[in-house]
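Asks:
The following block contains the structure:
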């Protein structure tokens, strides 16, 4: 098998669609030292094959599945340290040595803890920076969407809010697989006198309306107003920002046949609470 | 409004979950290799949902698919020391184990005929399944939608060959025998379909084909 042969059939190899003898020959080729892009192509095709698995919605196994796995591990004598096995320090016979080991262990533990805290702090800093970059991206995206559309008074207000320091943003993401081209952002001004949903891709359906919800918890969705799309599919809806005062509020946009209903009928988009860029 | 509370619970759990720092998958596998069952449990929490989805797609029977998930995670426990991160991520490795186990069972029970009968229907089903679960967060739904959209752009005959290969474990010659197409045509379709998918999902232009 040459590198050219391998690359010709790498897609079938990644899918597991080669004949057994072909597969053995290809496995042997992969063990060779030099390649002309074979490994890169293989990684690309294996990632593509994996996407077939990722096209399926995950299904949560029943609780008995994990229980059975634990039973099987136990039955094979493979009970582990994390499972609360019966390993114990046997130090009674060498007390002095054990004391010395304990001191060393404490010192190492302290060192590990310090390193862990440093790593945590570093990780938190990187997360914060990534969050700032994401919020800045959202703000730019929002400006671009508004600039593309015919600018209404409400849109002008949102543009003004976006320019203010401390403006909070959250991106609305698709909540169901059938939402295509529909998106939006939640924008809250710094002193919280105004809050907006800025959306695009809305296509009015006869007899149905889009509705914005704030969800402080599961049981008490708060309707935050209807979303009236314009002819070009864009929508700007303002709502009372006082609903945001409820801790851990989330947002959702639903499609409703009856807007007076107390709960969302079909959620299309969802977002976490807005943050400051 | 059916299932509203469950759906929202899933969303809230998912949002909360993304805020927690995730331990690296490869580190978890290394811990499993050191016989740490708590690490295995974390891998199970992360990947059992996808493993079960693949097994159910292949076998069609939920109870049998759950047995496959059991087998797969016991195998992860036994083979963790052999995991090579340079050959792919933990998700790919664990999914491949579950898929191989499911394909083995499918062959054992001689159910390929059953699967082939449903191939067309199953092909249509990809992209229309809407049973969102608490395991997913918004990002996962978006990623899945993107993959489903990419699959829909493939010609039906190309999509069929890669689904017969991946979800039914058929070799190219078995696909040719089943569809009645020449082996060369099947090979071309497999290559073209995977190139197009790769280009759509990971960039780079396809090389063209059938």
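Chains as they are written, first to last, in our numbering: chain A, 844 to 1120; chain B, 9 to 218. Built from N, CA and C at the ideal position, the CB exists for glycine as well.
1. For residue 191 of chain B, go through chain A and note every residue whose CB falls closer than 8 Å to its CB, in chain order.
2. Please state whether DSSP places residue 164 of chain B in a helix, a strand or coil.
3. How would you list, in chain order, the residues of chain A whose beta-carbon sits under 8 Å from the beta-carbon of residue 195 of chain B?
4. Tell me the DSSP secondary structure of residue 795 of chain A in three-state form.
5. For residue 1026 of chain A, which residues does DSSP report across the bridge?
6. If the criterion is Cβ atoms closer than 9 Å, does the pair residue 1124 of chain A and residue 1042 of chain A meet it?
7. Taking 9 Å as the CB-CB cut-off, is residue 909 of chain A touching chain B?
8. Residue 174 of chain B touches chain A at which residues, Cβ-Cβ below 7 Å?
9. Report yes or no: do the region 1098-1112 of chain A and the region 1051-1071 of chain A share at least 3 C-beta pairs separated by less than 8 Å?
10. For residue 169 of chain B and residue 200 of chain B, what's the separation of their Cα atoms in angstroms?
11. Does residue 131 of chain B have its Cβ less than 9 Å from a Cβ in chain A?
12. Is there a Cβ of chain A sitting closer than 9 Å to that of residue 61 of chain B, yes or no?
13. Unbroken alpha helix (DSSP H) runs of length 4 or more, entirely within the region 876-914 of chain A: which are they?
14. Which runs of the beta strand (DSSP E) at least 3 residues long sit entirely within the region 1056-1114 of chain A? Give them in chain order.
15. Within 10 Å of its beta-carbon, does residue 64 of chain B have 16 or more other beta-carbons around it, so buried, or fewer, so exposed?
16. Would you call the region 183-199 of chain B in contact with the region 875-890 of chain A, where contact means no fewer than 3 C-beta pairs closer than 8 Å?
17. Note down the Cα distance separating residue 902 of chain A from residue 942 of chain A, rounded to an integer number of angstroms.
18. Using C-beta distances below 8 Å, list every residue in its chain close to residue 83 of chain B, excluding the 5 sequence neighbours before and after it, in chain order.
19. Does the beta carbon of residue 4 of chain B sit closer than 9 Å to a beta carbon anywhere in chain A?
20. So with Cβ pairs under 9 Å, would you call residue 861 of chain A a contact of chain B?
21. Can you grab the Cα-Cα spacing for the pair residue 1069 of chain A / residue 1047 of chain A, in whole Å?
22. Does chain B have any CB closer than 9 Å to the CB of residue 1019 of chain A?
23. Pick helix, strand or coil for residue 1038 of chain A, following the three-state DSSP scheme.
24. Rounded to whole angstroms, what's the CA-CA distance from residue 1037 of chain A to residue 985 of chain A? Just pull it up for me.
25. For residue 35 of chain B, decide whether its Cβ has a neighbour in chain A, counting only Cβ atoms nearer than 9 Å.
26. What residues in its chain sit with their C-beta under 7 Å from that of residue 180 of chain B, if we drop five residues either side in the sequence?
27. With 16 other CB atoms within 10 Å as the buried threshold, where does residue 946 of chain A fall?
28. By alpha-carbon positions, which one of B:156, B:67, B:48, B:77 ends up nearest to residue 897 of chain A?
29. When DSSP builds the beta bridges, which residues end up paired with residue 917 of chain A?
30. Using three-state DSSP, classify residue 1013 of chain A as helix, strand or coil.
31. Please state whether DSSP places residue 219 of chain B in a helix, a strand or coil.
Replies: Put simply:
1. Neighbours of residue 191 of chain B on chain A: none; closest Cβ ~10 Å, over 8 Å.
2. The answer is helix: DSSP assigns residue 164 of chain B an H, G or I state.
3. 852, 855
4. Residue 795 of chain A lies beyond the range of chain A shown here (844 to 1120); nothing can be said about it.
5. A:1043
6. Missing from the structure shown is residue 1124 of chain A; chain A here goes from 844 to 1120 and no further.
7. yes
8. 858, 892, 895
9. yes
10. Near 10 Å, if we compare the C-alpha coordinates of residue 200 of chain B and residue 169 of chain B.
11. Bear in mind that a pLDDT of 40 at residue 131 of chain B, under 50, signals an unreliable position, so the number given afterwards is only what the model happens to contain. With 9 Å as the cut-off, residue 131 of chain B does not count as an interface residue toward chain A.
12. yes
13. If you keep only unbroken alpha helix (DSSP H) runs of at least 4 residues inside the region 876-914 of chain A, you get 881-897.
14. Whole beta strand (DSSP E) segments, 3+ residues: 1065-1070, 1078-1082, 1093-1099, 1109-1114.
15. buried
16. Contact between the region 183-199 of chain B and the region 875-890 of chain A is absent, with fewer than three C-beta pairs closer than 8 Å.
17. 50 Å
18. 105, 109
19. What the structure shows of chain B is the stretch from 9 to 218, and residue 4 of chain B is not part of that stretch, so it cannot be assessed.
20. yes
21. 12 Å
22. yes
23. strand
24. 16 Å
25. no
26. Closer than 7 Å at the Cβ level, and outside the excluded window around residue 180 of chain B, lie 191, 194, 195, 198.
27. So residue 946 of chain A counts as exposed.
28. B:156
29. Beta-bridge pairing links residue 917 of chain A to no other residue.
30. strand
31. As shown, chain B starts at 9 and ends at 218. That puts residue 219 of chain B outside it, with no answer to give.
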